[in-house]
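First comes the structure, then the notes that go with it.
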Amino acid sequence: MSLLGASTAALKRGLASSVSRTSSRGLKVLAVLYQGGEAAKQEPRLLGTIENQLGLRPWLESQGHELIATDDKEGPNSVFQKHLKDAEILITTPFHPGYLTRDLISKAQNLKLCVTAGVGSDHIDLNAAVEKKIQVLEVTGSNVVSVAEHVVMSILLLVRNFVPAHEMIERGDWQVSDVARNAFDLEGKVIGTIGAGRIGYRVLERLVPFNPKELLYYDYNALPAEGAAKVGVRRIEDLKDFVSQCDVITVNAPLHEGTKNLVDADLLSHFKKGAWLVNTARGAICNAEDVAAALASGRLAGYAGDVWNVQPAPRDHPWRYMKNPLGGGNGMTPHYSGTTLDAQARYAAGTREIIENYLAGKPQNPANVIVGVGKYETKSYGQR
Ligand code: NAD
């Protein structure tokens, strides 16, 4: 457990003389971030850590506000739950999610604003936030390029059987046929995305130069005709029909009631035998046991991604160890695709901008608003 607690000294120093509402009172801002350890001390650009606190502390304290930054987020005695009771602003990240359940929302009497430093707010009970008139904002677009690049990398490493080939080298072995027997070209494959929003579309754009046989998408929101034509993607409206046509599937939809457990044994039975699946959206969109079984049986040739149904993933999580029948096909990493140093700079700046707007009573960038006061403002979290 780590706590970089509030500076009461800053509160005692008095409040800034600005005319905005920040001058009238000190607010409690609670941030749940991941622990950066030695790396964060050596690399100040690791902004999303409890050590570097998104660069917010000096600015918030200079205005007389209190910042509690912690990675201690589980259970009633956690720093998160203790300070949630009177915090007005909650900052969380998808990388080390502070799960804001309906029950916790009912106890957070002072909470007005939740800011997701990054993209993806499924760790917050959004329906409960709507009911309690708590706004939920993300730093939309802040890491979509970072994730799209990771998706393309993951597709390539699965299709080309890269991980077992590298492991062979580290072991000191050299047997080309053992890895070449399951290595293919991406050219000529059918590649599809579930979700064609900011990330999904960027993945499609980046795949065009690989000369796929066809690009497909499945999304209840249709792409604008011009955007679809630019990448030459075809929409398939039935999910089973969509998966049955794809050699490679990438998941780029948010986690909500309509996507939880979407990829289960039933849907996997409609995949092409030996398809590759990449999920950098949210772990719980894919059923963990069903995916591991599909990989073990060869129904899937590979599964890669960086998101898990519980984070940090327990040591015995099946996705850490699962393999295809040839001993490869696992491209899992910890949740880091959207937290490159470039992305951290963008989501730290975006978090500050959202809080500045809130404190000054200025309108927010509409693209960032997931839940406004009492209603959903996005079309991405299910058909509501
Ligand atoms: P976006 O809102 O721009 O696009 C999401 C798209 O998914 C929308 O077009 C929406 O209509 C579609 N969608 C929603 N439900 C669907 C369903 N049931 N079936 C098919 N399509 C559906 O969001 P984005 O910026 O592209 O991000 C997408 C998700 O990626 C985020 O919500 C987050 O969960 C995840 N993400 C992961 C990381 C990471 O580090 N791994 C970083 C950023 C975002």
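All residue numbers for the sequence shown refer to full-length UniProt numbering, where the first residue is 1 and numbers rise by one.
Even for Gly, the Cβ is constructed at its ideal location relative to N, Cα and C.
Using only CA atoms, which one of GLU205, GLN311, TYR218 lies nearest to GLU226? GLU205
Rounded Cβ spacing between GLY329 and GLY302 (contact assumed at less than 8 Å): 4 Å
On the criterion of 16 or more Cβ atoms from any shown chain inside 10 Å, does VAL373 qualify as buried, or is it exposed? With fewer than 16 other Cβ atoms inside 10 Å of its own Cβ, VAL373 counts as exposed.
Local Cβ density within 10 Å of THR378, reported as buried at 16 or more and exposed below that: buried
By DSSP, does THR49 sit in helix, in strand, or in coil? strand
Going by beta carbon distance, what residues of the same chain come within less than 6 Å of PHE184, once the five residues before and after it are set aside? VAL159
If I'm right that ASN252 touches THR193 with Cβ under 8 Å, what's the distance once you round it to whole angstroms? That belief holds up - the Cβ atoms of ASN252 and THR193 are roughly 5 Å apart, short of 8 Å.
Report buried or exposed for LEU215, applying the criterion of at least 16 other Cβ atoms within 10 angstroms of its Cβ. buried
Quick check on the DSSP output: what are the complete alpha helix (DSSP H) runs of length 4 or more inside the region 235-323, in order along the chain? 239-245, 265-268, 288-297, 318-321
For LYS82, write down the residues that DSSP places opposite it in a beta bridge. In the DSSP output, where bridge partners are listed per residue, LYS82 has none listed.
For SER17, count neighbouring Cβ atoms within 10 angstroms of its own Cβ and tell me buried if that reaches 16, exposed if not. The predicted position of SER17 is uncertain, since its pLDDT is 23 and thus under 50; no value can be drawn from it.
For ILE105, list the residues DSSP reports as bridge partners. Per DSSP, none; premise fails for ILE105.
Alpha helix (DSSP H) segment containing ASN357, residue limits: 341-360
Measure from the alpha carbon of ASP342 to the alpha carbon of each residue in GLY382, GLY118, ALA296, TYR201, then state which is nearest. GLY118
Three Cβ pairs or more, each shorter than 8 Å: is that satisfied between the region 131-139 and the region 99-115? Touching, per the Cβ criterion.
Helix, strand or coil at TYR220 [DSSP, three-state]: TYR220 falls in the coil class under three-state DSSP.
Going by the C-beta, is ILE194 closer than 8 Å to any heavy atom of the ligand NAD? ILE194: yes, Cβ under 8 Å from the ligand NAD.
In this structure, what does DSSP give as the bridge partners for MET332? GLY305
Under the rule that 16 or more other beta-carbon atoms within 10 Å means buried, what is residue 392, buried or exposed? No statement about residue 392 is possible, as the shown extent of the chain runs from 1 to 384 and does not include it.
If you reduce the DSSP assignment to three classes, tell me which class GLU74 lands in. When DSSP states are grouped into helix, strand and coil, GLU74 belongs to the coil group.
Tell me the rounded alpha-carbon separation between ALA229 and ASN261. 31 Å
Going along the chain, which residues of its own chain have a beta-carbon closer than 8 Å to the beta-carbon of TYR336, five neighbours each way excluded? PHE95, ASP306
Leaving aside the five residues before and after ARG21 along the sequence, list all residues of the same chain whose C-beta is less than 8 Å from its C-beta, in chain order. Low confidence applies here, because ARG21 scores a pLDDT of 36, under 50, leaving its location unreliable and the question unanswered by this model.
7 Å Cβ shell around residue 386 - same chain, five flanking residues per side excluded: In this structure the chain extends from 1 to 384, so residue 386 is not present and cannot be described.
Check whether the Cβ atoms of ASP219 and GLY197 lie closer than 9 Å to each other. yes
With DSSP collapsed to three states, give me the class of TYR201. helix
Taking DSSP as the reference, what is the three-state secondary structure of VAL190? Three-state result, VAL190: strand.
Range covered by the beta strand (DSSP E) that runs through ILE91: 89-92
With a threshold of 8 Å, are at least 3 pairs of Cβ atoms found where one atom belongs to the region 269-284 and the other to the region 305-319? At 8 Å Cβ cutoff, the stretches touch.
My guess is that LYS272 and CYS246 are in contact by the Cβ rule of under 8 Å, so how many angstroms apart are they, rounded? 7 Å
Boundaries (first-last residue) of the alpha helix (DSSP H) holding ILE169: 162-171
With three or more C-beta pairs closer than 8 Å as the rule, is the region 98-107 touching the region 53-63? Taking 8 Å as the limit for Cβ pairs, the verdict is that the region 98-107 does not touch the region 53-63.
Assign GLU43 to one of three DSSP states: helix, strand, or coil. In the displayed model, GLU43 falls within coil according to three-state DSSP, outside both helix and strand.
DSSP puts ILE68 in a beta bridge; with which residues? In the DSSP output, where bridge partners are listed per residue, ILE68 has LEU30.
Which word fits GLY258, buried or exposed, when buried means at least 16 other C-beta atoms lie within 10 angstroms of its C-beta? exposed
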